[in-house]
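Note sheet for the following structure.
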Amino acid sequence: MSKNQSGKFESLKNYEFKSWFLILLVLSFFGLLYFVQLGGRALWSEELRWAQIPREMLQSKEYFLPTINGNTYYDKPLGSYWLVLISSWCTGAMDELACRLPSAISGMISILFTMLIALRLYEQKTAIYSGIILGTSYSFVFFSRHASTDLENIAGILIALYLFLVYEKKPQGWWILAFWITMALTSLTKGLLGFALPLLVAGVYSLAQNRKMILSASKPSLIIVNCIKANEWLFQWRTLIALPFAILVYLAPFLISLVWFGNGEGLSMVWRENIRRFYNPVNHIGPITLYFGVIFILL
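Counted from 1, the sequence shown has number 755 at position 202 by the working numbering; the numbering is strictly sequential.
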């Protein structure tokens, strides 16, 4: 190795060391912000649901049937309740800390992968700033210290997008299986947004990166062909294996609930929350302009 190459290697090594040092420094700060006195206040509002359902699962030993006061309650997929169960086994009690711990950990994971994504797309300074901006946003701090599914969902989506960015130039690898399974597990916390958002973002990103090739096509049919080529990472034979497997992972808890308990409410929830709501909303009803105000309030 020449002196010039050795110098470049050392420079890269120092850059990576500094990047990870700063990332760990940022995570240490948010660790204090999110975890100190995490179980110090009583559960309130919908947090009570994230305590009661896992508690009844522990009592009944029926981990595929969510209940409140013995009545089936399928409002969200089972993944978020299972995370609370795992948390309670780690802490030794089903209490406020156990209920909120998955959200706090997911908040930390989200900040980490936000910085890793920014580091891959931009540079060190942007990565650190992006983590600080996300981690200090009012709603992010609130939900990181609140028992809910939101942070688990965000963390899973960011992990899937990071996998895509790392391996997009290697479309022939089996990373696509990990990508689909990550989306399936994410969807088991809040819903099919865990599939939809990573696929949408990755697809649009790939189209934007290959826009010159796409726009150079002289016929509409060639534009379609070029769009498929731009998303070669997705349109490959391994997806034919990964996609059904991911669907099976997502549907398995609902199918087990149906077969073991004769309860189809889980599958009904999938239809109601992910498909029917698009054309027949049942709650959170309001004009699209509502988001313009809400976004700034939550920041």
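Glycine residues also receive a C-beta, built at the ideal position from the N, C-alpha and C atoms.
Buried or exposed by the 16-neighbour rule on C-beta atoms within 10 Å, applied to residue i
{"i": "valine 823", "result": "buried"}
{"i": "asparagine 624", "result": "exposed"}
{"i": "tyrosine 675", "result": "exposed"}
{"i": "cysteine 643", "result": "exposed"}
{"i": "tryptophan 603", "result": "buried"}
{"i": "arginine 594", "result": "exposed"}
{"i": "phenylalanine 831", "result": "exposed"}
{"i": "proline 834", "result": "exposed"}
Enclosing alpha helix (DSSP H) for residue i [first to last residue]
{"i": "phenylalanine 798", "result": "790-814"}
{"i": "phenylalanine 845", "result": "843-851"}
{"i": "tryptophan 597", "result": "Neither: tryptophan 597 is in no alpha helix (DSSP H) and is coded neither H nor E."}
{"i": "glycine 632", "result": "632-644"}
{"i": "alanine 770", "result": "Taken as a continuous stretch (DSSP letters only), alanine 770 belongs to no alpha helix (DSSP H), as it is neither H nor E."}
{"i": "leucine 738", "result": "728-740"}
{"i": "glutamine 762", "result": "746-762"}
{"i": "proline 655", "result": "649-674"}
{"i": "aspartate 628", "result": "No alpha helix (DSSP H) holds aspartate 628; DSSP gives it neither H nor E."}
Own chain partners of residue i with C-beta closer than 6 Å, once the 5 adjacent residues on each side are dropped
{"i": "phenylalanine 788", "result": "Ile781"}
{"i": "glycine 755", "result": "Sequence inspection shows alanine at residue 755; the glycine mentioned does not correspond to that position. Excluding sequence neighbours, alanine 755 sits near Phe717."}
{"i": "leucine 654", "result": "Ser640"}
{"i": "valine 694", "result": "none"}
{"i": "tryptophan 635", "result": "none"}
{"i": "glycine 584", "result": "none"}
Cβ neighbours of residue i in the same chain (closer than 7 Å, five flanking residues each side left out)
{"i": "serine 683", "result": "Thr667, Met668 and Ala671"}
{"i": "isoleucine 681", "result": "Leu575, Val579 and Met668"}
Pair within 9 Å by beta-carbon distance, residue i and residue j
{"i": "serine 692", "j": "leucine 852", "result": "yes"}
{"i": "threonine 742", "j": "lysine 629", "result": "yes"}
{"i": "leucine 760", "j": "alanine 783", "result": "yes"}
{"i": "tyrosine 587", "j": "methionine 661", "result": "yes"}
{"i": "tryptophan 874", "j": "phenylalanine 807", "result": "Nothing about residue 874 can be reported from this structure: the residues present for the chain run from 554 to 852 only."}
{"i": "valine 589", "j": "glycine 688", "result": "no"}
{"i": "threonine 792", "j": "isoleucine 712", "result": "no"}
{"i": "valine 821", "j": "tyrosine 626", "result": "First, the amino acid is wrong: residue 821 is serine here, not valine. No, these two residues do not count as a Cβ contact at 9 Å."}
{"i": "leucine 650", "j": "proline 607", "result": "no"}
Close-in-space but distant-in-sequence residues of the same chain around residue i (CB under 8 Å, 5 per side omitted)
{"i": "serine 656", "result": "Phe696, Ser697, Arg698, His699, Ala700, Ser701, Asp703, Leu704 and Glu705"}
Please determine if the region 694-709 and the region 668-686 are in contact, where contact requires at least 3 C-beta pairs separated by less than 8 Å. no
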